[in-house]
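Asks: In this note's numbering, the protein residues as written are 97 to 807. One structure is given below, represented as structure tokens, and several questions about it will come after.
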């Protein structure tokens, strides 16, 4: 463990002791942590806290009454929590090679202050000194990011900068991002209050960034916020500001969409893009050309293939939902010198940025695509910079060709933006989504990302158990978040959301579909008894619903009540007689009840109505085996094995062969099953079926021999 890690680990231990109200032990450990600290203000504050606590202990030991003792103790813990961060910073500041402390040491050698930087930024509105502007932005970001604990003056000075009409909005946005990054480094109540105030800014992009800053930082400080009621009170006040709840919902949905980015990135790399690039006729222009109206007729046969159509549809659906589908495209384009400056990851895309101007040239700047890049919501700012900087690697003739091909695609979007037809709601969604994606790229792609706590590794669902949950307390927010969680398969969180809606008497909680969805989420979490309760509520609100009956039956069967499950399924059959899946379920219940002939009748009906339905073949094959109709069982297993059998198919077919006396074929199928399932899972499945095999006449002593025959 490095010295830095040792110091950080001790600071976490101190924090843990303080939150357990073990102040004496915590202060003793703080004193150890302070070894080598020369900052007199830090030392003085420690001595003051230590002295005050010793006096408190002395008064208490003498039996002196003190009605304010509990509050004084809380204040001492609060002060010790802040001191703990200051001591850690004082220890790391002189020599740590962490990026934060490298920038902090550089910042300490400068003379600039917030007031002077604000005046400089205001002056650029007239003199357009781009080089000087770039330098000031870097200094401003570092000053805010590395400023450990603010004074009230620091907060007021930065608020003056944010509110100045002479400071460019883009510069204000960088400043807000710097506050967020600083707050992630260490807790500071004044920075929290600043972000709350900035969330009320009339400038929508500033408000979005401030709310996002709160969203990615506050969850990490939920444990210490009870000691800082001014922050929680300010968040409560923020919830009463008109439009804030709606805006925070947009931020929440943008962050939730980022949760899917890793999986989308994998699918894009491993499934969608490779499938689409297999056609040699498309080559590198595949993406651009498929979005145009004049697709070559020669490609129609390829595009009509089910596999290709499916992949195209998947990509389109992801884009329409607002998912981050371009991470895989641009993740390899973050190595330019531009991205070595940390503040550049948080800046709004601008054609006037020096690196961009040098890379693109005048033709691009005057093109439709050049203008649209400033306003399009398709790419986040970070990816726009990657795209622009990559252009410098392309010969000029090819640049012009690409621009000509892409201009037409952006003309409509530019016209919409220029005509003002893009609604405020859409612009807010774009702003929230782009900034969330910018943050995601920084915390996952920045070259020194491992030195930062990645908020996307935590639970960024703010609806429950979060300091900001009050900002999402609305019918629309609760319903939209719960629906998204259900749709994406986060069933445990969906249940929590549904429970919250139920407690809050949400209008939707009187709808039978509400309890259907809750029951389904509980069922997927294998909480079958609770799922049954939810399904029963759904049945009360809408009796005899086939879907409810079928899923109630599934839970009854999974809780070892096949008779009750069968009754429900037969009731559902009266309402939905043509449902083949229902016939399979009825057959499964009959198998559980060992009514094999009746079960086979159901399965054969499905096979007759839907030939080549593998699920029906599996049911027939297994049921026939249990009913000692081995010839019929083998007939159907042969059909299954001729296709693409699963490991379970091979296992079950082997059971039939084994009980029929064909040991060699059984061993071959067992071996095939073990290769598909893996040895550990295979043996688990095999052992689970031992009772059935013993019923069919296989001796228990044969099992070790069989397993030894399987390579």
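Where a beta carbon is used, it is the ideal one built from N, C-alpha and C, also for glycine.
1. Does the beta-carbon distance from residue 229 to residue 237 come in below 7 Å?
2. Using the beta-carbon count (16 or more within 10 Å), is residue 733 buried or exposed?
3. Taking the C-alpha atoms as reference points, what is the distance between residue 678 and residue 338?
4. According to DSSP, simplified to helix, strand and coil, what is residue 522?
5. At which residues does the alpha helix (DSSP H) containing residue 797 begin and terminate?
6. With burial defined as no fewer than 16 other Cβ atoms inside 10 Å of the residue's Cβ, what is the status of residue 606: buried or exposed?
7. I'd like the span of the alpha helix (DSSP H) that includes residue 339, first residue to last.
8. Between residue 320 and residue 566, how many whole angstroms is the CB-CB distance? I'm expecting something under 8 Å.
9. Note down the Cα distance separating residue 666 from residue 744, rounded to an integer number of angstroms.
10. Using only alpha-carbon positions, find the residue among 635, 688 and 636 that is nearest to residue 659.
11. In whole angstroms, what separates the C-alpha of residue 655 from that of residue 686?
12. Jot down the residue ranges of each uninterrupted alpha helix (DSSP H) in the segment 146–188, minimum 4 residues, whole runs only, in chain order.
13. Of the residues 102, 148 and 180, which one's Cα is nearest the Cα of residue 122?
14. Three or more beta-carbon pairs under 8 Å between the segment 607–622 and the segment 631–643, yes or no?
15. With 16 other CB atoms within 10 Å as the buried threshold, where does residue 377 fall?
16. Answer with buried or exposed for residue 400, where buried requires no fewer than 16 other C-beta atoms within 10 angstroms of its C-beta.
17. What residues in its chain sit with their C-beta under 7 Å from that of residue 307, if we drop five residues either side in the sequence?
18. Is it buried or exposed for residue 281, if we count other Cβ within 10 angstroms and need 16 for buried?
19. Out of 662, 604, 621 and 457, state which residue places its alpha-carbon closest to the alpha-carbon of residue 634.
20. Taking buried to mean at least 16 other C-beta atoms within 10 Å of its own C-beta, is residue 589 buried or exposed?
21. Keeping to the same chain, check which residues put their C-beta closer than 7 Å to that of residue 444; ignore five residues upstream and five downstream.
22. Starting from residue 475, follow the alpha helix (DSSP H) in both directions and report where the run begins and ends.
23. Output the distance between the C-alpha atoms of residue 657 and residue 680, rounded to the nearest integer angstrom.
24. If you draw a straight line from the alpha carbon of residue 597 to that of residue 581, how long is it in whole angstroms?
25. Straight-line CA distance for residue 551 to residue 313?
26. Would you decide whether residue 636 is buried or exposed? Buried here means 16 or more other CB atoms lie within 10 Å of its CB.
27. So, is residue 670 buried or exposed, given that buried needs 16 or more other C-beta atoms within 10 angstroms?
28. Could you check if residue 796 is buried or exposed, using at least 16 other CB atoms within 10 Å of its CB as the buried criterion?
29. Compute the Euclidean distance between the alpha carbons of residue 746 and residue 713, then round it to the nearest angstrom.
30. Going by C-alpha to C-alpha distance, which of 298, 317, 297 and 264 sits closest to residue 288?
31. Cα-Cα, which of 553, 555, 599 and 547 is closest to residue 571?
32. Taking all protein chains shown into account, decide if residue 748 is buried (16 or more other Cβ within 10 angstroms of its Cβ) or exposed.
33. In its own chain, which residues sit with a C-beta less than 8 Å from the C-beta of residue 138, not counting the 5 before and 5 after it?
34. How long is the line joining the alpha carbons of residue 231 and residue 420, rounded to whole angstroms?
35. With C-beta atoms as the reference, is residue 284 less than 7 Å away from residue 241?
36. What does a CB cutoff of less than 7 Å around residue 203 pick up in its chain, not counting 5 residues either side in sequence?
Replies: Result, derived from the coordinates:
1. Position 133 of the chain shown holds residue 229. Position 141 of the chain shown holds residue 237. No, they are not a contact pair.
2. What you label residue 733 is simply residue 637 of the chain shown in a count that begins at 1. The residue is buried, with at least 16 neighbouring Cβ atoms inside 10 Å.
3. In the chain shown, counting from the first residue as 1, residue 678 sits at position 582. In the chain shown, counting from the first residue as 1, residue 338 sits at position 242. Near 50 Å, if we compare the C-alpha coordinates of residue 338 and residue 678.
4. Translated into positions along the chain shown, residue 522 becomes position 426. DSSP places residue 522 in helix when its eight states are reduced to three.
5. If you number the chain shown from 1, residue 797 lands on position 701. Careful: residue 797 lies outside any alpha helix (DSSP H) and carries neither H nor E.
6. Counting from one through the chain shown, the residue named residue 606 turns up at place 510. Counting Cβ neighbours within 10 Å, residue 606 comes out exposed, since fewer than 16 surround it.
7. Within the chain shown, residue 339 is the residue found at index 243, counting from 1. First-last for residue 339: undefined, no H or E at that position.
8. The residue given as residue 320 occupies position 224 in the chain shown. The residue given as residue 566 occupies position 470 in the chain shown. Wrong, their Cβ atoms sit about 18 Å apart, outside the cutoff.
9. Numbered from its first residue, the chain shown carries residue 666 at position 570. Numbered from its first residue, the chain shown carries residue 744 at position 648. Taking the straight line joining both Cα atoms gives about 29 Å.
10. On the chain shown, residue 659 is found 563 positions in, with the first residue counted as 1. Comparing Cα positions, the closest option is 688.
11. Translated into positions along the chain shown, residue 655 becomes position 559. Translated into positions along the chain shown, residue 686 becomes position 590. Near 16 Å, if we compare the C-alpha coordinates of residue 686 and residue 655.
12. 165–188
13. Counting from one through the chain shown, the residue named residue 122 turns up at place 26. The shortest Cα separation from residue 122 among 102, 148 and 180 belongs to 180.
14. yes
15. Position 281 of the chain shown holds residue 377. For residue 377, the predicted model reports a pLDDT of 43, less than 50, meaning its position is unreliable; a value from the coordinates is still stated below. Exposed, because fewer than 16 other Cβ atoms sit within 10 Å of the Cβ of residue 377.
16. Along the chain shown, one-based indexing puts residue 400 at 304. With a pLDDT of only 45 at residue 400, under the threshold of 50, the placement of this residue in the model should not be trusted; the figure read from the coordinates follows. Classification of residue 400: exposed, given that the 10 Å Cβ count is below 16.
17. In the chain shown, the residue the question calls residue 307 occupies position 211. Here the set comprises 295, 343, 344 and 347.
18. Numbered from 1 along the chain shown, position 185 holds the residue referred to as residue 281. Answer is buried; the Cβ neighbour count reaches 16.
19. If you number the chain shown from 1, residue 634 lands on position 538. Out of 662, 604, 621 and 457, 604 has the C-alpha closest to the C-alpha of residue 634.
20. Residue mapping note: residue 589 aligns to position 493 of the chain shown, counting from 1. Classification of residue 589: buried, given that the 10 Å Cβ count is 16 or more.
21. Mapped onto the chain shown, residue 444 falls at position 348. Excluding positions up to five away in sequence, the list reads 266, 269 and 477.
22. Stepping through the chain shown from its first residue, residue 475 is reached at position 379. Where residue 475 is concerned, there is no enclosing alpha helix (DSSP H), given that its DSSP letter is neither H nor E.
23. For the purposes of this step, residue 657 is taken as the residue at position 561 of the chain shown. For the purposes of this step, residue 680 is taken as the residue at position 584 of the chain shown. Taking the straight line from one Cα to the other gives about 17 Å.
24. Indexing the chain shown from 1 puts residue 597 at position 501. Indexing the chain shown from 1 puts residue 581 at position 485. Distance between the alpha carbons of residue 597 and residue 581 is about 14 Å.
25. Position 455 of the chain shown, counted from the first residue, corresponds to residue 551. Position 217 of the chain shown, counted from the first residue, corresponds to residue 313. Each residue's Cα considered, the two are about 7 Å apart.
26. Within the chain shown, numbered from 1, the residue matching residue 636 stands at position 540. Exposed: under 16 other Cβ atoms inside 10 Å.
27. The residue you call residue 670 lines up with position 574 of the chain shown. The residue in question, residue 670, is exposed, as its Cβ has fewer than 16 Cβ neighbours within 10 Å.
28. Your numbering for residue 796 matches position 700 in the chain shown. When all chains shown are included, residue 796 counts as exposed.
29. Here the question's residue 746 lines up with position 650 in the chain shown. Here the question's residue 713 lines up with position 617 in the chain shown. If I take the Cα positions, the gap works out to 13 Å.
30. In the chain shown, counting from the first residue as 1, residue 288 sits at position 192. For the residues 298, 317, 297 and 264, the minimum Cα distance to residue 288 belongs to 317.
31. On the chain shown, position 475 is the one that residue 571 refers to. Ranking 553, 555, 599 and 547 by Cα distance to residue 571 puts 599 first.
32. Within the chain shown, numbered from 1, the residue matching residue 748 stands at position 652. Result: buried.
33. In the chain shown, the residue the question calls residue 138 occupies position 42. For residue 138, where only same-chain residues beyond five positions count, the Cβ hits under 8 Å are 130, 179, 182, 183 and 186.
34. By 1-based counting over the chain shown, the position of residue 231 is 135. By 1-based counting over the chain shown, the position of residue 420 is 324. Their Cα atoms are separated by approximately 32 Å.
35. Working through the chain shown from its first residue, we reach residue 284 at position 188. Working through the chain shown from its first residue, we reach residue 241 at position 145. No; because the gap between Cβ atoms is not below 7 Å, this pair is not in contact.
36. In the chain shown, counting from the first residue as 1, residue 203 sits at position 107. So the list reads 238, 239 and 242, once near-sequence residues are dropped.
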